[in-house]
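To start, the structure itself, in C-alpha coordinates.
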Amino acid sequence: MDRQPSAGWPVRAEGNPRYQMLDVWRGLACLMVVVHHAGYALLWSDVGTYDDAGLRWWIVYAVNRLSLGVPMFFVISGYCILASVEATRKKDASPWTFLGRRFWRIYPPYWTALLFFIAVVVSLDAAGLSSLHKGRYAVQLDSPSALDWPRWLGNITLTETWRPHVWGPDRDIYTGIAWSLCYEEQFYFLCFLLLCLAPKRLYAWLLGISAVALAIRAGAWELGQLGLIRGVFPLLWHQFAVGLAVYYRLNVAPTVLARRAVDIGLAALLVGGLVMLERETVTASAFGLLLIALRRWDYKTETLAWLQPLRACGRRCYSIYLAHLPIVVVGNLLLYELGVTGFWGRTLVMIPLVSTLSVVVCWAFFALVESHFLNPPALRPRRGALPLAGEAIG
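My numbering puts the first residue of the sequence shown at 27, with every later residue one more than the last.
So this is what it looks like as C-alpha coordinates:
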(Lines of atoms letter the chains of each structure in order from A; the text may use other names.)
(Lines give C-alpha, C1' and ligand atoms only; values in the text may rest on other atoms or scores of the structure.)
Protein backbone atom coordinates (compact mmCIF):
# COMPACT_ATOMS: atom_id res chain seq x y z
CA MET A 27 0.00 0.00 0.00
CA ASP A 28 1.23 3.46 -0.82
CA ARG A 29 2.34 5.68 2.00
CA GLN A 30 0.41 8.72 3.09
CA PRO A 31 1.61 11.89 4.77
CA SER A 32 1.42 12.15 8.54
CA ALA A 33 2.48 15.44 10.05
CA GLY A 34 4.61 15.98 6.95
CA TRP A 35 6.48 12.68 7.22
CA PRO A 36 5.81 9.47 5.26
CA VAL A 37 4.61 6.36 7.04
CA ARG A 38 2.87 3.20 5.87
CA ALA A 39 -0.88 3.80 5.98
CA GLU A 40 -1.51 0.47 7.68
CA GLY A 41 1.68 0.61 9.70
CA ASN A 42 1.84 0.81 13.46
CA PRO A 43 5.44 1.20 14.64
CA ARG A 44 4.66 -0.35 18.02
CA TYR A 45 5.74 -3.97 17.81
CA GLN A 46 4.38 -5.82 20.85
CA MET A 47 6.50 -8.94 20.43
CA LEU A 48 9.72 -6.96 20.80
CA ASP A 49 9.28 -7.06 24.57
CA VAL A 50 9.02 -10.85 24.41
CA TRP A 51 12.11 -11.14 22.25
CA ARG A 52 13.96 -8.73 24.50
CA GLY A 53 13.00 -10.80 27.53
CA LEU A 54 14.31 -13.93 25.83
CA ALA A 55 17.53 -12.18 24.80
CA CYS A 56 18.31 -10.87 28.28
CA LEU A 57 17.66 -14.28 29.85
CA MET A 58 19.97 -15.83 27.27
CA VAL A 59 22.71 -13.46 28.40
CA VAL A 60 22.08 -14.23 32.08
CA VAL A 61 22.27 -18.00 31.55
CA HIS A 62 25.32 -17.55 29.33
CA HIS A 63 27.15 -15.78 32.15
CA ALA A 64 25.96 -18.32 34.70
CA GLY A 65 27.24 -20.91 32.25
CA TYR A 66 30.82 -19.86 32.98
CA ALA A 67 30.40 -22.55 35.66
CA LEU A 68 30.86 -25.09 32.87
CA LEU A 69 34.34 -25.55 31.40
CA TRP A 70 35.45 -27.17 28.19
CA SER A 71 37.74 -29.26 30.37
CA ASP A 72 34.56 -30.93 31.64
CA VAL A 73 34.05 -32.39 28.17
CA GLY A 74 35.55 -35.68 27.10
CA THR A 75 36.49 -37.05 30.51
CA TYR A 76 33.38 -39.16 31.06
CA ASP A 77 31.31 -41.68 29.10
CA ASP A 78 28.57 -39.08 28.46
CA ALA A 79 31.02 -36.56 26.97
CA GLY A 80 28.83 -36.17 23.86
CA LEU A 81 25.93 -34.72 25.86
CA ARG A 82 28.31 -32.62 27.92
CA TRP A 83 29.80 -31.15 24.77
CA TRP A 84 26.38 -30.06 23.51
CA ILE A 85 25.46 -28.53 26.86
CA VAL A 86 28.68 -26.49 27.09
CA TYR A 87 28.35 -25.50 23.43
CA ALA A 88 24.73 -24.40 23.86
CA VAL A 89 25.46 -22.34 26.97
CA ASN A 90 28.32 -20.59 25.17
CA ARG A 91 26.10 -19.76 22.18
CA LEU A 92 23.54 -18.04 24.39
CA SER A 93 25.75 -14.96 24.05
CA LEU A 94 23.93 -14.49 20.74
CA GLY A 95 21.28 -12.68 22.73
CA VAL A 96 23.46 -9.57 22.33
CA PRO A 97 23.09 -9.18 18.53
CA MET A 98 19.35 -9.68 19.05
CA PHE A 99 19.48 -6.70 21.43
CA PHE A 100 21.26 -4.61 18.80
CA VAL A 101 18.59 -5.40 16.20
CA ILE A 102 15.76 -4.52 18.61
CA SER A 103 17.59 -1.35 19.61
CA GLY A 104 17.92 -0.30 15.96
CA TYR A 105 14.18 -0.69 15.45
CA CYS A 106 13.24 1.15 18.64
CA ILE A 107 15.69 4.01 18.22
CA LEU A 108 14.52 4.69 14.68
CA ALA A 109 10.96 4.74 16.03
CA SER A 110 12.13 7.30 18.62
CA VAL A 111 13.89 9.36 15.94
CA GLU A 112 10.72 9.36 13.82
CA ALA A 113 8.63 10.42 16.80
CA THR A 114 11.06 13.25 17.50
CA ARG A 115 10.97 14.69 14.01
CA LYS A 116 7.21 14.21 13.54
CA LYS A 117 6.63 16.27 16.67
CA ASP A 118 9.15 18.80 15.36
CA ALA A 119 10.95 18.42 18.69
CA SER A 120 14.54 19.47 19.17
CA PRO A 121 17.21 16.82 18.49
CA TRP A 122 18.49 17.71 21.94
CA THR A 123 15.24 16.31 23.31
CA PHE A 124 16.07 12.97 21.70
CA LEU A 125 19.61 13.05 23.09
CA GLY A 126 18.44 14.15 26.53
CA ARG A 127 15.96 11.30 26.72
CA ARG A 128 18.67 8.80 25.78
CA PHE A 129 21.04 10.20 28.41
CA TRP A 130 18.39 10.13 31.13
CA ARG A 131 17.31 6.62 30.17
CA ILE A 132 20.79 5.08 29.97
CA TYR A 133 23.33 6.76 32.22
CA PRO A 134 21.78 7.06 35.73
CA PRO A 135 20.76 3.35 35.89
CA TYR A 136 24.14 2.39 34.47
CA TRP A 137 26.03 4.48 37.03
CA THR A 138 23.96 2.92 39.82
CA ALA A 139 24.78 -0.56 38.54
CA LEU A 140 28.45 0.40 38.34
CA LEU A 141 28.35 1.43 42.00
CA PHE A 142 26.64 -1.89 42.77
CA PHE A 143 29.51 -3.80 41.13
CA ILE A 144 32.07 -1.78 43.10
CA ALA A 145 30.19 -2.24 46.40
CA VAL A 146 29.99 -6.02 45.95
CA VAL A 147 33.67 -6.40 45.11
CA VAL A 148 34.92 -4.01 47.82
CA SER A 149 32.73 -5.66 50.45
CA LEU A 150 33.98 -9.13 49.56
CA ASP A 151 37.60 -7.98 49.58
CA ALA A 152 37.14 -6.30 52.97
CA ALA A 153 35.66 -9.51 54.37
CA GLY A 154 38.53 -11.62 53.02
CA LEU A 155 36.24 -13.30 50.50
CA SER A 156 37.88 -12.26 47.23
CA SER A 157 37.54 -15.88 46.10
CA LEU A 158 33.83 -15.15 45.60
CA HIS A 159 34.49 -12.71 42.77
CA LYS A 160 37.63 -14.28 41.33
CA GLY A 161 37.30 -17.95 40.66
CA ARG A 162 37.50 -20.60 37.98
CA TYR A 163 33.77 -21.21 37.65
CA ALA A 164 32.53 -17.67 37.07
CA VAL A 165 33.27 -14.44 35.26
CA GLN A 166 36.02 -12.71 37.22
CA LEU A 167 35.32 -9.26 38.65
CA ASP A 168 38.37 -7.10 39.32
CA SER A 169 38.90 -4.86 42.31
CA PRO A 170 38.33 -1.16 41.55
CA SER A 171 42.03 -0.46 42.06
CA ALA A 172 42.83 -2.60 39.01
CA LEU A 173 41.75 0.27 36.73
CA ASP A 174 43.67 3.53 36.35
CA TRP A 175 41.91 6.85 35.94
CA PRO A 176 41.78 6.88 32.09
CA ARG A 177 40.02 3.52 32.15
CA TRP A 178 37.64 4.68 34.86
CA LEU A 179 36.86 7.78 32.81
CA GLY A 180 36.11 5.55 29.83
CA ASN A 181 33.87 3.31 31.91
CA ILE A 182 31.95 6.15 33.50
CA THR A 183 31.33 7.91 30.18
CA LEU A 184 30.72 4.69 28.18
CA THR A 185 33.55 5.57 25.84
CA GLU A 186 35.90 2.81 26.98
CA THR A 187 35.67 0.70 23.80
CA TRP A 188 36.97 3.47 21.54
CA ARG A 189 38.97 5.59 24.01
CA PRO A 190 42.22 3.64 23.34
CA HIS A 191 42.04 4.71 19.69
CA VAL A 192 42.37 8.32 20.89
CA TRP A 193 44.59 8.13 23.97
CA GLY A 194 45.56 6.12 27.01
CA PRO A 195 46.03 2.41 27.76
CA ASP A 196 44.14 -0.54 26.27
CA ARG A 197 40.48 -0.88 27.16
CA ASP A 198 39.13 -2.56 30.28
CA ILE A 199 35.35 -2.80 30.71
CA TYR A 200 34.94 -2.99 34.47
CA THR A 201 31.42 -4.40 34.53
CA GLY A 202 32.11 -6.88 31.75
CA ILE A 203 28.80 -6.03 30.07
CA ALA A 204 29.03 -2.28 29.39
CA TRP A 205 30.95 -2.81 26.14
CA SER A 206 27.62 -3.15 24.29
CA LEU A 207 26.40 0.12 25.77
CA CYS A 208 29.54 1.82 24.48
CA TYR A 209 28.53 0.80 20.94
CA GLU A 210 24.90 1.77 21.55
CA GLU A 211 25.92 5.28 22.59
CA GLN A 212 27.80 5.69 19.32
CA PHE A 213 24.73 4.54 17.38
CA TYR A 214 22.51 6.99 19.27
CA PHE A 215 24.89 9.88 18.75
CA LEU A 216 24.93 9.31 14.98
CA CYS A 217 21.12 9.36 14.97
CA PHE A 218 21.25 12.61 16.94
CA LEU A 219 23.60 14.14 14.36
CA LEU A 220 21.27 13.12 11.53
CA LEU A 221 18.35 14.74 13.34
CA CYS A 222 20.43 17.91 13.56
CA LEU A 223 21.85 17.93 10.04
CA ALA A 224 19.54 16.02 7.72
CA PRO A 225 16.13 15.25 9.25
CA LYS A 226 14.37 15.30 5.89
CA ARG A 227 16.93 12.99 4.30
CA LEU A 228 17.11 10.64 7.25
CA TYR A 229 16.71 7.33 5.42
CA ALA A 230 19.07 8.25 2.61
CA TRP A 231 21.76 9.16 5.12
CA LEU A 232 21.15 6.04 7.20
CA LEU A 233 21.51 3.94 4.07
CA GLY A 234 24.73 5.75 3.18
CA ILE A 235 26.20 5.36 6.67
CA SER A 236 25.27 1.68 6.68
CA ALA A 237 26.89 1.10 3.31
CA VAL A 238 30.09 2.90 4.32
CA ALA A 239 30.27 1.14 7.69
CA LEU A 240 29.72 -2.25 6.05
CA ALA A 241 32.39 -1.50 3.44
CA ILE A 242 34.89 -0.48 6.14
CA ARG A 243 34.14 -3.62 8.11
CA ALA A 244 34.35 -5.90 5.07
CA GLY A 245 37.66 -4.32 4.08
CA ALA A 246 39.09 -4.72 7.57
CA TRP A 247 37.92 -8.35 7.63
CA GLU A 248 39.48 -9.07 4.24
CA LEU A 249 42.80 -7.63 5.43
CA GLY A 250 42.60 -9.48 8.72
CA GLN A 251 42.59 -6.14 10.55
CA LEU A 252 39.26 -6.05 12.37
CA GLY A 253 41.24 -5.04 15.45
CA LEU A 254 41.78 -1.62 13.86
CA ILE A 255 38.06 -0.84 14.22
CA ARG A 256 37.57 -2.68 17.50
CA GLY A 257 35.35 -0.60 19.75
CA VAL A 258 34.28 1.78 16.96
CA PHE A 259 30.78 1.78 15.49
CA PRO A 260 31.60 0.31 12.00
CA LEU A 261 32.45 -3.00 13.68
CA LEU A 262 28.86 -3.64 14.82
CA TRP A 263 26.79 -1.03 12.99
CA HIS A 264 25.45 -3.68 10.59
CA GLN A 265 23.66 -5.43 13.48
CA PHE A 266 22.05 -2.16 14.57
CA ALA A 267 21.26 -1.40 10.90
CA VAL A 268 19.26 -4.63 10.64
CA GLY A 269 16.83 -3.11 13.14
CA LEU A 270 16.76 0.13 11.13
CA ALA A 271 15.98 -1.86 8.00
CA VAL A 272 13.20 -3.80 9.73
CA TYR A 273 11.57 -0.56 10.92
CA TYR A 274 11.78 0.95 7.43
CA ARG A 275 10.46 -2.24 5.84
CA LEU A 276 7.45 -2.51 8.14
CA ASN A 277 6.48 1.12 8.62
CA VAL A 278 7.89 3.42 5.94
CA ALA A 279 8.76 1.61 2.69
CA PRO A 280 6.45 3.14 0.04
CA THR A 281 6.26 0.27 -2.45
CA VAL A 282 6.43 -3.50 -2.70
CA LEU A 283 9.72 -3.09 -4.57
CA ALA A 284 11.22 -1.14 -1.68
CA ARG A 285 10.11 -3.77 0.79
CA ARG A 286 11.53 -6.58 -1.33
CA ALA A 287 14.82 -4.68 -1.57
CA VAL A 288 15.07 -4.75 2.23
CA ASP A 289 14.31 -8.47 2.27
CA ILE A 290 17.01 -9.14 -0.32
CA GLY A 291 19.50 -6.97 1.54
CA LEU A 292 18.96 -8.83 4.80
CA ALA A 293 19.20 -12.16 3.00
CA ALA A 294 22.48 -11.06 1.42
CA LEU A 295 23.81 -10.07 4.83
CA LEU A 296 22.82 -13.50 6.13
CA VAL A 297 24.71 -15.20 3.30
CA GLY A 298 27.71 -12.94 3.92
CA GLY A 299 27.69 -13.87 7.59
CA LEU A 300 27.63 -17.57 6.68
CA VAL A 301 30.52 -17.14 4.25
CA MET A 302 32.57 -15.19 6.80
CA LEU A 303 31.61 -17.64 9.57
CA GLU A 304 30.34 -14.80 11.76
CA ARG A 305 27.64 -16.10 14.10
CA GLU A 306 26.65 -12.64 15.31
CA THR A 307 26.02 -11.39 11.76
CA VAL A 308 24.05 -14.52 10.90
CA THR A 309 22.00 -14.16 14.08
CA ALA A 310 21.24 -10.46 13.52
CA SER A 311 20.20 -10.84 9.87
CA ALA A 312 18.17 -14.01 10.49
CA PHE A 313 16.46 -12.34 13.45
CA GLY A 314 15.61 -9.32 11.30
CA LEU A 315 14.02 -11.54 8.65
CA LEU A 316 12.10 -13.38 11.38
CA LEU A 317 10.74 -10.11 12.78
CA ILE A 318 9.49 -9.18 9.32
CA ALA A 319 7.88 -12.58 8.78
CA LEU A 320 6.12 -12.60 12.16
CA ARG A 321 4.87 -9.00 12.12
CA ARG A 322 1.47 -9.87 10.70
CA TRP A 323 0.64 -12.00 13.75
CA ASP A 324 1.89 -9.50 16.31
CA TYR A 325 -1.55 -8.38 17.48
CA LYS A 326 -2.47 -11.99 18.29
CA THR A 327 0.43 -12.45 20.69
CA GLU A 328 -0.48 -9.71 23.15
CA THR A 329 -3.04 -11.88 24.97
CA LEU A 330 -1.05 -15.13 25.06
CA ALA A 331 -0.60 -15.83 28.76
CA TRP A 332 2.43 -18.06 28.34
CA LEU A 333 4.37 -15.14 26.84
CA GLN A 334 3.67 -12.78 29.74
CA PRO A 335 6.70 -13.82 31.88
CA LEU A 336 9.02 -13.13 28.95
CA ARG A 337 7.21 -9.88 28.20
CA ALA A 338 7.60 -8.79 31.84
CA CYS A 339 11.32 -9.60 31.72
CA GLY A 340 11.59 -7.71 28.44
CA ARG A 341 10.16 -4.56 30.01
CA ARG A 342 12.80 -4.85 32.73
CA CYS A 343 15.60 -6.16 30.55
CA TYR A 344 17.87 -3.14 30.94
CA SER A 345 17.95 -3.72 34.70
CA ILE A 346 18.50 -7.45 34.18
CA TYR A 347 21.31 -6.75 31.75
CA LEU A 348 22.94 -4.13 33.98
CA ALA A 349 22.85 -5.78 37.38
CA HIS A 350 22.80 -9.57 36.98
CA LEU A 351 26.52 -10.28 36.79
CA PRO A 352 27.56 -9.78 40.46
CA ILE A 353 24.74 -12.09 41.57
CA VAL A 354 25.74 -14.72 39.03
CA VAL A 355 29.45 -14.54 39.88
CA VAL A 356 29.07 -14.64 43.65
CA GLY A 357 26.32 -17.25 43.43
CA ASN A 358 28.39 -19.58 41.25
CA LEU A 359 31.47 -19.41 43.44
CA LEU A 360 29.58 -19.61 46.71
CA LEU A 361 27.68 -22.72 45.61
CA TYR A 362 30.93 -24.27 44.45
CA GLU A 363 32.51 -23.68 47.85
CA LEU A 364 29.40 -25.19 49.46
CA GLY A 365 29.94 -28.41 47.55
CA VAL A 366 28.12 -28.05 44.22
CA THR A 367 31.23 -29.14 42.32
CA GLY A 368 30.23 -31.88 39.89
CA PHE A 369 29.37 -31.17 36.27
CA TRP A 370 25.73 -32.15 36.63
CA GLY A 371 25.39 -30.26 39.90
CA ARG A 372 26.68 -27.13 38.22
CA THR A 373 24.41 -27.74 35.22
CA LEU A 374 21.17 -28.67 36.98
CA VAL A 375 21.49 -26.78 40.27
CA MET A 376 24.02 -23.94 40.06
CA ILE A 377 23.08 -22.40 36.72
CA PRO A 378 19.27 -22.46 37.18
CA LEU A 379 19.49 -21.27 40.79
CA VAL A 380 21.83 -18.32 40.30
CA SER A 381 20.08 -17.31 37.06
CA THR A 382 16.73 -17.19 38.83
CA LEU A 383 18.15 -15.33 41.82
CA SER A 384 19.81 -12.76 39.59
CA VAL A 385 16.53 -12.05 37.78
CA VAL A 386 14.76 -11.60 41.13
CA VAL A 387 17.42 -9.15 42.34
CA CYS A 388 17.33 -7.28 39.03
CA TRP A 389 13.55 -7.06 39.26
CA ALA A 390 14.12 -5.19 42.51
CA PHE A 391 16.77 -3.04 40.78
CA PHE A 392 14.16 -2.04 38.23
CA ALA A 393 11.67 -1.03 40.93
CA LEU A 394 14.23 0.85 43.02
CA VAL A 395 16.32 2.45 40.28
CA GLU A 396 15.42 2.13 36.61
CA SER A 397 11.70 2.84 36.99
CA HIS A 398 12.59 6.39 38.05
CA PHE A 399 14.42 7.04 34.76
CA LEU A 400 12.00 5.73 32.15
CA ASN A 401 11.19 9.28 31.10
CA PRO A 402 12.71 12.71 31.85
CA PRO A 403 11.00 14.56 34.72
CA ALA A 404 8.85 16.73 32.45
CA LEU A 405 7.60 13.67 30.55
CA ARG A 406 7.07 11.17 33.35
CA PRO A 407 3.89 9.08 33.13
CA ARG A 408 1.84 8.02 36.12
CA ARG A 409 3.67 6.40 39.01
CA GLY A 410 4.52 2.73 38.49
CA ALA A 411 4.20 2.75 34.70
CA LEU A 412 6.27 0.30 32.70
CA PRO A 413 8.13 1.03 29.46
CA LEU A 414 5.99 0.96 26.35
CA ALA A 415 6.13 -2.18 24.27
CA GLY A 416 9.25 -2.12 22.17
CA GLU A 417 10.75 0.91 23.87
CA ALA A 418 14.52 0.91 23.53
CA ILE A 419 16.61 0.05 26.53
CA GLY A 420 19.86 1.40 25.22
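No residue lacks a Cβ here, since even glycine has one placed at the ideal position from N, Cα and C.
Is the stretch 169-178 touching the stretch 240-247 in the sense that three or more CB pairs, one from each, lie closer than 8 Å? no
Cα-Cα separation between GLN334 and ARG52, rounded to whole angstroms: 12 Å
Residue interval of the alpha helix (DSSP H) (run including SER171): First-last for SER171: undefined, no H or E at that position.
With PHE259 and LEU315 assumed to form a contact (beta carbons below 8 Å), what rounded beta-carbon distance in angstroms separates them? Going by Cβ atoms, the distance from PHE259 to LEU315 rounds to 23 Å, so no, they are not a contact pair.
Which of the three DSSP states is assigned to LEU303 in this structure? coil
Just mark ALA230 as buried or exposed, buried being the case when its beta carbon has 16 or more other beta carbons within 10 Å. exposed
So, are the CB atoms of ARG180 and GLY202 less than 9 Å apart? This sequence places Gly at residue 180; Arg is not what is there. No, these two residues do not count as a Cβ contact at 9 Å.
Do VAL272 and VAL282 have their CB atoms nearer than 9 Å? no
TYR274 to ASP174, Cα distance in whole Å? 43 Å
Helix, strand or coil, according to DSSP, for PRO43 in the structure here? coil
So what's TYR273 in DSSP terms, helix, strand or just coil? helix
Would DSSP call GLN212 helix, strand or coil? helix
Mind checking ARG409: buried by the 16 CB within 10 Å criterion, or exposed? With a pLDDT of 48 at ARG409, under the threshold of 50, the modelled position of that residue is not reliable, and the figure given next carries that caveat. It is exposed - the Cβ of ARG409 has fewer than 16 other Cβ atoms within 10 Å.
Identify, in the order they occur along the chain, each residue of the same chain with its Cβ nearer than 8 Å to the Cβ of ILE255, setting aside the five sequence neighbours on each side. ILE242, ARG243, ALA246 and LEU261
Could you tell me the distance, in whole angstroms, from the CA atom of GLU112 to the CA atom of TRP205? 27 Å
6 Å CB neighbourhood of ALA33 in its chain, flanking five on each side removed: Here ALA33 scores only 36 on pLDDT, less than 50, and its place in the model is too uncertain to base an answer on.
Hey, which unbroken runs of the alpha helix (DSSP H) at 4 residues or more fall wholly within the stretch 327-376? 334-340 and 343-363
Using the C-alpha atoms, what's the distance from ARG44 back to ALA109? 8 Å
By Cβ distance below 7 Å, which residues in the same chain neighbour THR187 in space, the five residues on each side in sequence not counted? ARG197, TRP205, CYS208, TYR209 and GLY257
How long is the line joining the alpha carbons of ALA284 and SER156, rounded to whole angstroms? 57 Å
Please report the straight-line C-alpha distance between SER71 and VAL380, rounded to a whole angstrom. 22 Å
What number of angstroms, rounded off, separates the C-alpha of ARG372 from the C-alpha of LEU54? 22 Å
Identity of the residue in VAL356, SER384 and THR307 nearest ARG342 by Cα: SER384
First and last residue of the uninterrupted alpha helix (DSSP H) at PHE99: 95-116
Please check the pair VAL308 and LEU296, which I expect to be a contact at CB under 8 Å, by giving their CB distance rounded to whole angstroms. 6 Å
Rounded separation between GLU363 and ILE85 - CA only: 23 Å
Apart from the five residues just before and just after GLU417, which ones in its own chain have a Cβ nearer than 7 Å to its Cβ? Reliability fails at GLU417, whose pLDDT of 45 lies under 50, so the model's placement of it is uncertain and the value that follows must be treated cautiously. Answer for GLU417: CYS106, listed in chain order.
Through-space distance from ALA338 to TRP332, alpha-carbon basis: 11 Å
Skipping 5 residues on each side, what residues in its chain have a beta carbon closer than 7 Å to that of PHE392? ARG342 and SER345
Do CYS56 and PHE100 have their C-beta atoms within less than 9 Å of each other? no
Determine the burial state of SER311: buried for a count of at least 16 other Cβ atoms within 10 Å of its Cβ, exposed for fewer. buried
Assumed close pair LEU359, VAL50 - CB separation to whole angstroms, cut-off 8 Å: So it is not a contact: roughly 32 Å between Cβ atoms.
Determine the extent of the alpha helix (DSSP H) in which ASP151 is found, giving its start and end residues. 121-152
SER71: first and last residue of the uninterrupted alpha helix (DSSP H) it sits in: No alpha helix (DSSP H) holds SER71; DSSP gives it neither H nor E.
Indicate the three-state DSSP secondary structure (helix, strand or coil) for TYR200 in the structure shown. coil
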